[in-house]
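Working notes, structure below.
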Amino acid sequence: MGKEFSVAELAALMEAVHQQRIGELLYETEGVRLRIRGEQKAPEVVPVAAPVPVAVAAAPAPAAPVAPAAPAAPAAEAAPAPAAKEPVYIKSPLVGTFYAASGPDKEPYVSVGQPVQEGQTVFIVESMKVMNEIPADHSGTVAEILVENGQPVEYGQPVLRLE
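The opening position of the sequence shown corresponds to residue 2 in my numbering, with each subsequent residue numbered one higher.
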(Lines of atoms letter the chains of each structure in order from A and count residues from 1; the text may use other names and numbers.)
(Lines give C-alpha, C1' and ligand atoms only; values in the text may rest on other atoms or scores of the structure.)
Protein backbone atom coordinates (compact mmCIF):
# COMPACT_ATOMS: atom_id res chain seq x y z
CA MET A 1 0.00 0.00 0.00
CA GLY A 2 1.41 3.41 -0.96
CA LYS A 3 1.55 6.68 0.92
CA GLU A 4 -1.65 8.64 1.31
CA PHE A 5 -1.29 12.39 0.79
CA SER A 6 -3.29 14.94 2.73
CA VAL A 7 -4.67 18.04 1.01
CA ALA A 8 -2.09 20.13 2.87
CA GLU A 9 0.77 17.91 1.64
CA LEU A 10 -0.50 18.10 -1.95
CA ALA A 11 -0.87 21.88 -1.68
CA ALA A 12 2.68 22.18 -0.34
CA LEU A 13 4.03 20.04 -3.19
CA MET A 14 2.14 22.10 -5.78
CA GLU A 15 3.38 25.33 -4.22
CA ALA A 16 6.97 24.05 -4.22
CA VAL A 17 6.69 23.07 -7.90
CA HIS A 18 5.32 26.54 -8.66
CA GLN A 19 7.88 28.49 -6.61
CA GLN A 20 10.87 26.49 -7.85
CA ARG A 21 9.52 26.59 -11.42
CA ILE A 22 9.88 22.82 -11.71
CA GLY A 23 8.58 21.54 -15.04
CA GLU A 24 7.29 18.24 -13.68
CA LEU A 25 7.44 16.24 -10.46
CA LEU A 26 6.73 12.51 -10.67
CA TYR A 27 6.34 10.36 -7.52
CA GLU A 28 5.76 6.62 -7.86
CA THR A 29 5.48 3.96 -5.19
CA GLU A 30 3.40 0.82 -4.64
CA GLY A 31 -0.06 1.59 -5.97
CA VAL A 32 0.48 5.37 -6.06
CA ARG A 33 1.53 7.54 -8.96
CA LEU A 34 1.52 11.31 -8.50
CA ARG A 35 2.48 13.73 -11.26
CA ILE A 36 2.54 17.49 -10.72
CA ARG A 37 3.29 19.65 -13.71
CA GLY A 38 4.42 23.22 -13.28
CA GLU A 39 2.72 25.95 -15.23
CA GLN A 40 4.80 26.94 -18.24
CA LYS A 41 3.25 30.40 -18.49
CA ALA A 42 4.66 31.61 -15.15
CA PRO A 43 7.87 33.07 -16.68
CA GLU A 44 5.74 35.09 -19.13
CA VAL A 45 4.16 36.97 -16.22
CA VAL A 46 7.54 38.40 -15.16
CA PRO A 47 7.99 40.61 -18.28
CA VAL A 48 4.68 42.34 -17.49
CA ALA A 49 6.59 44.25 -14.81
CA ALA A 50 8.44 46.05 -17.64
CA PRO A 51 6.09 49.11 -17.56
CA VAL A 52 7.63 50.05 -14.18
CA PRO A 53 10.70 51.69 -15.83
CA VAL A 54 8.33 54.00 -17.70
CA ALA A 55 7.12 55.39 -14.37
CA VAL A 56 10.73 55.67 -13.19
CA ALA A 57 11.63 57.63 -16.32
CA ALA A 58 8.85 60.12 -15.55
CA ALA A 59 10.05 60.55 -11.94
CA PRO A 60 13.29 62.52 -12.57
CA ALA A 61 11.55 65.82 -13.20
CA PRO A 62 13.33 69.15 -12.62
CA ALA A 63 10.84 69.81 -9.83
CA ALA A 64 13.25 68.28 -7.29
CA PRO A 65 13.51 71.50 -5.20
CA VAL A 66 9.71 71.51 -4.79
CA ALA A 67 9.69 67.82 -3.75
CA PRO A 68 11.27 68.39 -0.29
CA ALA A 69 8.29 70.51 0.76
CA ALA A 70 5.83 67.82 -0.35
CA PRO A 71 7.44 64.94 1.61
CA ALA A 72 7.32 67.03 4.79
CA ALA A 73 3.52 67.17 4.65
CA PRO A 74 3.05 63.41 4.07
CA ALA A 75 5.53 62.72 6.88
CA ALA A 76 3.31 64.72 9.23
CA GLU A 77 0.27 62.83 7.97
CA ALA A 78 2.10 59.51 8.30
CA ALA A 79 1.90 59.62 12.10
CA PRO A 80 -1.94 59.34 12.21
CA ALA A 81 -1.92 56.65 9.49
CA PRO A 82 -0.67 53.82 11.77
CA ALA A 83 -3.66 54.46 14.04
CA ALA A 84 -5.98 53.53 11.15
CA LYS A 85 -5.96 49.82 10.32
CA GLU A 86 -4.62 49.08 6.87
CA PRO A 87 -6.48 46.44 4.88
CA VAL A 88 -5.14 42.89 4.90
CA TYR A 89 -5.51 40.64 1.88
CA ILE A 90 -6.06 36.90 1.95
CA LYS A 91 -4.34 35.56 -1.15
CA SER A 92 -4.70 32.36 -3.10
CA PRO A 93 -1.90 29.93 -2.20
CA LEU A 94 -2.53 27.99 -5.43
CA VAL A 95 -3.33 28.41 -9.10
CA GLY A 96 -6.84 27.12 -9.68
CA THR A 97 -10.54 27.98 -9.61
CA PHE A 98 -12.08 30.06 -6.79
CA TYR A 99 -15.23 28.82 -5.08
CA ALA A 100 -16.98 30.79 -2.34
CA ALA A 101 -18.86 27.73 -1.02
CA SER A 102 -18.34 23.98 -0.68
CA GLY A 103 -21.02 23.30 -3.29
CA PRO A 104 -23.39 25.07 -5.69
CA ASP A 105 -26.33 24.75 -3.29
CA LYS A 106 -24.33 25.64 -0.16
CA GLU A 107 -23.97 28.98 1.61
CA PRO A 108 -20.70 30.87 0.98
CA TYR A 109 -18.02 30.47 3.64
CA VAL A 110 -17.91 34.25 4.14
CA SER A 111 -19.74 37.37 2.99
CA VAL A 112 -18.97 41.08 3.05
CA GLY A 113 -19.27 42.49 6.58
CA GLN A 114 -18.74 39.13 8.26
CA PRO A 115 -15.99 38.77 10.87
CA VAL A 116 -13.48 35.96 10.32
CA GLN A 117 -10.96 34.38 12.67
CA GLU A 118 -7.46 33.25 11.77
CA GLY A 119 -7.62 29.61 10.68
CA GLN A 120 -11.28 29.77 9.63
CA THR A 121 -11.99 28.37 6.13
CA VAL A 122 -12.87 31.34 3.91
CA PHE A 123 -12.94 29.86 0.37
CA ILE A 124 -11.92 26.91 -1.79
CA VAL A 125 -9.41 26.76 -4.63
CA GLU A 126 -9.85 23.78 -6.92
CA SER A 127 -6.49 22.79 -8.34
CA MET A 128 -5.79 19.61 -10.30
CA LYS A 129 -9.29 18.33 -9.42
CA VAL A 130 -8.53 18.68 -5.69
CA MET A 131 -10.73 20.97 -3.59
CA ASN A 132 -8.40 22.89 -1.24
CA GLU A 133 -10.06 24.65 1.70
CA ILE A 134 -8.18 27.90 2.27
CA PRO A 135 -8.01 29.22 5.86
CA ALA A 136 -7.76 32.89 6.82
CA ASP A 137 -4.21 33.81 7.76
CA HIS A 138 -5.46 36.90 9.64
CA SER A 139 -8.50 37.82 11.70
CA GLY A 140 -10.70 40.71 10.63
CA THR A 141 -13.92 41.67 8.89
CA VAL A 142 -14.50 40.88 5.21
CA ALA A 143 -14.56 44.24 3.42
CA GLU A 144 -14.53 42.97 -0.15
CA ILE A 145 -14.54 39.73 -2.12
CA LEU A 146 -12.25 40.43 -5.07
CA VAL A 147 -12.97 37.34 -7.21
CA GLU A 148 -16.23 36.06 -8.68
CA ASN A 149 -17.32 32.50 -7.88
CA GLY A 150 -15.98 30.01 -10.42
CA GLN A 151 -13.29 32.36 -11.73
CA PRO A 152 -9.63 31.34 -12.13
CA VAL A 153 -7.10 32.62 -9.58
CA GLU A 154 -3.33 32.83 -9.74
CA TYR A 155 -0.78 32.01 -7.04
CA GLY A 156 -0.54 34.99 -4.68
CA GLN A 157 -3.60 36.76 -6.13
CA PRO A 158 -5.60 38.70 -3.51
CA VAL A 159 -9.02 37.10 -3.07
CA LEU A 160 -10.45 38.75 0.07
CA ARG A 161 -9.81 42.14 1.63
CA LEU A 162 -10.13 42.27 5.43
CA GLU A 163 -10.31 45.33 7.64
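Just so you know, even glycine gets a beta-carbon here, dropped at the ideal spot from N, CA and C.
Small disclaimer: the values here were computed from a predicted structure and weren't measured.
- For the pair TYR110 and PHE99, the CB atoms are not nearer than the 7 Å cut-off.
- Cβ-Cβ separation between VAL117 and VAL154: approximately 18 Å, too far for a contact (criterion under 8 Å).
- In this structure the segment 90 to 106 touches the segment 137 to 152; the number of beta carbon pairs closer than 8 Å is three or more.
- For MET129, there is no enclosing beta strand (DSSP E), as DSSP marks it with neither H nor E.
- Going by C-alpha positions, GLU127 is about 11 Å away from SER93.
- Beta-bridge pairing by DSSP links LEU163 to VAL89 and VAL143.
- In this structure, GLU108 keeps its C-beta atom at 7 Å or more from the C-beta atom of GLY141.
- Straight-line measurement puts the Cα of GLU145 at about 14 Å from the Cα of ALA137.
- Sequence-distant Cβ neighbours of SER103 in its own chain, meaning closer than 7 Å and more than five residues away, are ILE125.
- The beta carbon of LYS86 sits closer than 7 Å to those of GLU164, all from its chain and outside the five residues before and after it, given in chain order.
- The three-state reading of DSSP puts GLU16 in helix, counting H, G and I together.
- Looking only at ASP106, THR30 and MET15, the smallest Cα-Cα distance to GLY39 is reached by MET15.
- In the DSSP assignment, LEU26 forms a beta bridge with ILE37.
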